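Here the working numbering = 1-based position in the sequence shown + 5.
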Amino acid sequence: MNSDNLIRLVVIDDSLDSAEILVSLMRNGGLAVRPYAAEDSDALREVLQAHQIDLILCALDASSPALDEVRQMVRKMEKDIPLLGVEEELDPEVIGSMVEQGIRDVVSPNHAQHLLAVVEREIDNLLQRRRLRNCQHTLREAEKRCHSLLDSSRDAIAYIHEGMHIYANPVYLEIFGFASAEEVEGTPIMDLVAPEDHRKFKEFLRECRDGGCNSSLSLKVRRTDHRTIEVSMDFAPASIDGEPCTQIIIRQLEDTHALMDQLEQLTIRDLLTGLYNHDHFMDALEKAVSGAMDSSQIRAVLYLELDNYLELKERTGVAGSNLILSDVATLIRNHCDDEEDVACRFGDHSFAVLTSGRDIRRIEALAHAICASVEQHLFEADGQSLTGTCSIGIGVVGETADTARSILERAETACRVARDAGGNRWQIFETLEKHEEEEPDDTLWQERIHDALRNNRFRLVFQPIASLHGKAGEKYEVLLRLAGEEEELISPLEFLPAAQRQGLLPLIDQWVIRHACRILAYRHRQGHDTRFFVKLGGASLEEISIAALVAEQLKELKLEPSSLVFEISETDAVTRLAATRDMINALRKLGCAISLEHFGNGVNSFQLLNHLEVDYLKIDPVFVTDLVGNPENQEMVRSIVDKAMEEGKQTIAHFVEDANSLSILWQCGVNYIQGNFVQEPEDELSYDFSGEGEEEEEVEA
Numbered sequence: 006m007n008s009d010n011l012i013r014l015v016v017i018d019d020s021l022d023s024a025e026i027l028v029s030l031m032r033n034g035g036l037a038v039r040p041y042a043a044e045d046s047d048a049l050r051e052v053l054q055a056h057q058i059d060l061i062l063c064a065l066d067a068s069s070p071a072l073d074e075v076r077q078m079v080r081k082m083e084k085d086i087p088l089l090g091v092e093e094e095l096d097p098e099v100i101g102s103m104v105e106q107g108i109r110d111v112v113s114p115n116h117a118q119h120l121l122a123v124v125e126r127e128i129d130n131l132l133q134r135r136r137l138r139n140c141q142h143t144l145r146e147a148e149k150r151c152h153s154l155l156d157s158s159r160d161a162i163a164y165i166h167e168g169m170h171i172y173a174n175p176v177y178l179e180i181f182g183f184a185s186a187e188e189v190e191g192t193p194i195m196d197l198v199a200p201e202d203h204r205k206f207k208e209f210l211r212e213c214r215d216g217g218c219n220s221s222l223s224l225k226v227r228r229t230d231h232r233t234i235e236v237s238m239d240f241a242p243a244s245i246d247g248e249p250c251t252q253i254i255i256r257q258l259e260d261t262h263a264l265m266d267q268l269e270q271l272t273i274r275d276l277l278t279g280l281y282n283h284d285h286f287m288d289a290l291e292k293a294v295s296g297a298m299d300s301s302q303i304r305a306v307l308y309l310e311l312d313n314y315l316e317l318k319e320r321t322g323v324a325g326s327n328l329i330l331s332d333v334a335t336l337i338r339n340h341c342d343d344e345e346d347v348a349c350r351f352g353d354h355s356f357a358v359l360t361s362g363r364d365i366r367r368i369e370a371l372a373h374a375i376c377a378s379v380e381q382h383l384f385e386a387d388g389q390s391l392t393g394t395c396s397i398g399i400g401v402v403g404e405t406a407d408t409a410r411s412i413l414e415r416a417e418t419a420c421r422v423a424r425d426a427g428g429n430r431w432q433i434f435e436t437l438e439k440h441e442e443e444e445p446d447d448t449l450w451q452e453r454i455h456d457a458l459r460n461n462r463f464r465l466v467f468q469p470i471a472s473l474h475g476k477a478g479e480k481y482e483v484l485l486r487l488a489g490e491e492e493e494l495i496s497p498l499e500f501l502p503a504a505q506r507q508g509l510l511p512l513i514d515q516w517v518i519r520h521a522c523r524i525l526a527y528r529h530r531q532g533h534d535t536r537f538f539v540k541l542g543g544a545s546l547e548e549i550s551i552a553a554l555v556a557e558q559l560k561e562l563k564l565e566p567s568s569l570v571f572e573i574s575e576t577d578a579v580t581r582l583a584a585t586r587d588m589i590n591a592l593r594k595l596g597c598a599i600s601l602e603h604f605g606n607g608v609n610s611f612q613l614l615n616h617l618e619v620d621y622l623k624i625d626p627v628f629v630t631d632l633v634g635n636p637e638n639q640e641m642v643r644s645i646v647d648k649a650m651e652e653g654k655q656t657i658a659h660f661v662e663d664a665n666s667l668s669i670l671w672q673c674g675v676n677y678i679q680g681n682f683v684q685e686p687e688d689e690l691s692y693d694f695s696g697e698g699e700e701e702e703e704v705e706a
């Protein structure tokens with residue numbers, strides 16, 4: 006069994022020491038367990054309601070709750086949880102009696118190998134049952150979807166078994182003049198073929214039985230009013246409700262032009278939502294950008310994402326989330342003008358609308374209306390009634406727009422700002438950039454940055470990363486400042502945007518690496534076990550020379566590679582995935598560690614870890630800065646920590662500003678914290694790490 010799979014375990018024993026022995030045996034045997042205590046029946050009920058428990062170990066002599074009481078509670082709550090009895094000595098007669106009562110098996114702390122084998126067996130069986138239920142649920146949802154698609158299809162579709170109709174959709178019934186599906190069920194297909202084509206149809210069926218027929222046939226059929234029409238029949242093997250049958254699709258030959266129109270629509274439509282697809286939207290946006298100077302209308306792109314899509318998907322599965330996306334598409338369509346607006350499914354769970362208006366107020370009103378509709382809508386999926394909100398970013402198509410891609414980037418950026426501000430709102434990109442008129446010209450910043458590189462006008466400051474549940478040791482994040490004319494320190498927020506636009510980030514990162522390594526080497530010579538966290542900008546990820554520079558510094562300064570941790574933004578990693586993977590592999594080959602910062606701000610952050618091997622996850626500050634008063638942020642932090650623990654990653658909470666947040670982070674199991682509450686960035690490495698110590702994972706009660 007894979008030890009990375011966390012087992013959520015309830016141990017019931019009157020002796021706490023005995024319970025701890027069981028947990029220790031499992032951990033020593035390579036099983037990752039998270040134990041929950043249940044000192045009485047009420048506590049057990051609360052645990053079973055609040056968590057997805059994988060296994061219950063209950064001593065045969067437990068008094069509260071007793072083994073039979075536990076068994077009945079699990080059954081009444083309709084939980085699929087394997088229940089194992091625990092006894093000091095294994096007695097075959099006792100084991101047989103327990104199994105007859107519904108106990109899966111009896112184990113003993115004195116027989117560790119048997120205990121581990123039974124636990125692994127039961128967990129494996131449980132996972133198989135869960136997978137089976139998920140597959141069955143997915144199949145049911147798919148069948149519902151298929152029936153819905155068949156009923157709403159514009160094509161005439163029927164299913165035939167042994168020559169008899171077993172299903173026909175409304176269009177099929179309409180073509181032949183049947184009033185209801187009951188009228189056609191059990192009717193032989195031959196009865197619907199015109200008499201003059203009976204022989205032709207029989208020969209076709211005979212060829213099919215011999216395996217030599219074409220999949221389509223043109224012939225005349227007869228309606229219930231005895232009118233004859235010419236149709237094309239397409240045949241294909243199929244199954245319905247588990248029964249093998251033949252699918253027949255009928256098209257009237259005079260509907261060929263209509264069919265061509267339908268096929269053309271399919272090339273520009275998203276099959277799930279019915280909205281336009283990505284390619285058609287981009288074509289429309291390109292035309293809008295090209296005609297921006299000649300239009301009296303204001304045109305804009307609305308970029309929309311559900312704020313809680315991941316949560317909805319986890320609760321409803323893939324099939325359920327598809328139904329939710331279809332509902333969102335309908336809400337968008339209800340507010341759009343088919344002639345004026347182009348609404349599309351832009352990504353897996355993102356949407357975009359190209360719209361226009363005489364002034365910006367019409368566009369703002371549309372964004373507001375869509376936001377309100379999503380908030381008020383009740384999504385029905387997987388037998389659940391769910392709610393959601395969305396964030397919308399608006400990018401205006403103006404005369405200064407260079408490309409369709411730049412418009413989309415503006416809209417996506419505005420959407421991200423709206424989501425980071427709490428979601429359930431819209432944001433126009435232009436309002437984000439009012440401060441730019443007050444900023445110095447890039448040319449001036451470019452000169453100052455080059456001067457700083459030549460004359461060492463940059464300054465390094467350091468902020469400690471303190472341990473809560475992590476390994477003790479000196480850890481600092483290396484931060485950059487620019488010395489002003491009066492030696493005042495200028496924040497990177499002022500000069501890094503210009504550096505990024507002018508392609509200077511790799512040069513700055515190289516400067517930081519050289520100087521940070523020298524300081525780190527000096528610390529090591531002084532006897533300090535210091536580790537530095539050094540940022541790498543997005544552009545630097547594509548500069549393989551960075552890895553060569555690190556190798557050179559490690560060799561020249563005789564640095565321990567593990568004392569360097571390189572920080573990469575999740576956003577940069579997503580947008581430069583291949584380059585990021587290559588850079589991480591190169592740095593890890595040298596022995597350096599990797600931290601992924603702003604973690605959790607993506608659509609599916611943990612999916613990114615399937616492609617990138619990292620050691621630390623630095624939680625996005627948006628979840629930390631408003632931690633005390635925001636239960637959703639607390640749950641998000643817990644979720645990240647839990648999943649990180651399962652995958653063997655260390656977590657760091659950034660921007661910790663108060664003691665109340667510290668308390669919550671400690672309870673969540675965060676490994677390290679960083680922020681002004683710990684210590685503001687300073688030019689000296691003076692933080693006292695002496696009170697730290699490595700803590701073992703705690704048992705949750």
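C-beta: ideal position from N, C-alpha, C; glycine also. Keep in mind it's a predicted model, so treat the numbers as computed, not measured.
N-terminal and C-terminal residue of the alpha helix (DSSP H) that residue i is part of
{"i": "R366", "result": "365-381"}
{"i": "A43", "result": "A43 -> no alpha helix (DSSP H), and no H or E assigned at all."}
{"i": "F351", "result": "From DSSP, F351 is part of no alpha helix (DSSP H); its letter is neither H nor E."}
{"i": "P511", "result": "510-530"}
Which listed residue (the options) has its alpha carbon closest to that of residue i
{"i": "G352", "options": "R430, Q252, H285", "result": "H285"}
{"i": "L197", "options": "V629, K594, I253, G674", "result": "I253"}
{"i": "F604", "options": "A591, N461, A578", "result": "A578"}
{"i": "E687", "options": "L494, I549, P40, I165", "result": "L494"}
{"i": "I433", "options": "M169, H382, T335, L307", "result": "L307"}
{"i": "L276", "options": "I524, R150, A122", "result": "R150"}
{"i": "K318", "options": "A186, S158, A386", "result": "A386"}
{"i": "E105", "options": "A504, E201, L88", "result": "L88"}
{"i": "R5", "options": "K594, D230, T233, Q515", "result": "A query on residue 5 cannot be resolved here, the shown segment of the chain reaching from 6 to 706 and no further."}
{"i": "T392", "options": "I245, E490, R320, H170", "result": "R320"}
{"i": "V99", "options": "D66, I412, D129", "result": "D66"}
{"i": "I273", "options": "R350, D230, A334, V123", "result": "R350"}
Any non-hydrogen atom of the ligand GTP within 7 Å of residue i CB
{"i": "E179", "result": "Annotation note on the ligand GTP: not contained in the displayed structure, which lists no ligands."}
Cβ-based burial, residue i [other Cβ within 10 Å; buried from 16]
{"i": "E702", "result": "Note that E702 scores 39 on pLDDT, short of 50, meaning its location in the model is unreliable; the coordinates nonetheless yield the value given after this. Its Cβ having fewer than 16 others within 10 Å, E702 is exposed."}
{"i": "S68", "result": "exposed"}
{"i": "M238", "result": "buried"}
{"i": "M641", "result": "buried"}
{"i": "D534", "result": "exposed"}
{"i": "M195", "result": "exposed"}
{"i": "A293", "result": "buried"}
{"i": "A372", "result": "buried"}
{"i": "R256", "result": "buried"}
{"i": "P249", "result": "exposed"}
{"i": "L154", "result": "exposed"}
{"i": "K560", "result": "exposed"}
{"i": "Y164", "result": "buried"}
{"i": "C140", "result": "exposed"}
{"i": "T436", "result": "Bear in mind that the predicted position of T436 carries a pLDDT of just 46, short of 50, making it too unreliable to give a figure here."}
{"i": "T278", "result": "buried"}
Proximity of residue i and residue j at Cβ, strictly below 8 Å
{"i": "V111", "j": "L95", "result": "yes"}
{"i": "N676", "j": "G478", "result": "no"}
{"i": "E651", "j": "L14", "result": "no"}
{"i": "L484", "j": "F467", "result": "yes"}
{"i": "C420", "j": "G398", "result": "yes"}
{"i": "P566", "j": "G532", "result": "no"}
Rounded distance between the beta-carbons of residue j and residue i, thought under 8 Å
{"i": "A544", "j": "P511", "result": "6 Å"}
{"i": "I669", "j": "L632", "result": "5 Å"}
{"i": "I58", "j": "V75", "result": "At roughly 11 Å, the Cβ-Cβ gap does not stay under 8 Å, so I58 and V75 are not in contact."}
{"i": "A48", "j": "V91", "result": "Contact flag wrong, Cβ pair sits at about 18 Å."}
For residue i, the first and last residue of its enclosing beta strand (DSSP E)
{"i": "A1", "result": "Any question about residue 1 goes unanswered here, given that the chain covers just 6 to 706."}
{"i": "P242", "result": "233-245"}
{"i": "E110", "result": "For the sequence presented, residue 110 should be read as Asp rather than Glu. First-last of the beta strand (DSSP E) with D110: 110-112."}
{"i": "E248", "result": "248-257"}
{"i": "F537", "result": "535-541"}
{"i": "G400", "result": "395-402"}
CB contact below 8 Å: residue i versus chain D
{"i": "I86", "result": "Of the chains in the structure shown, none is chain D; there is only one protein chain."}
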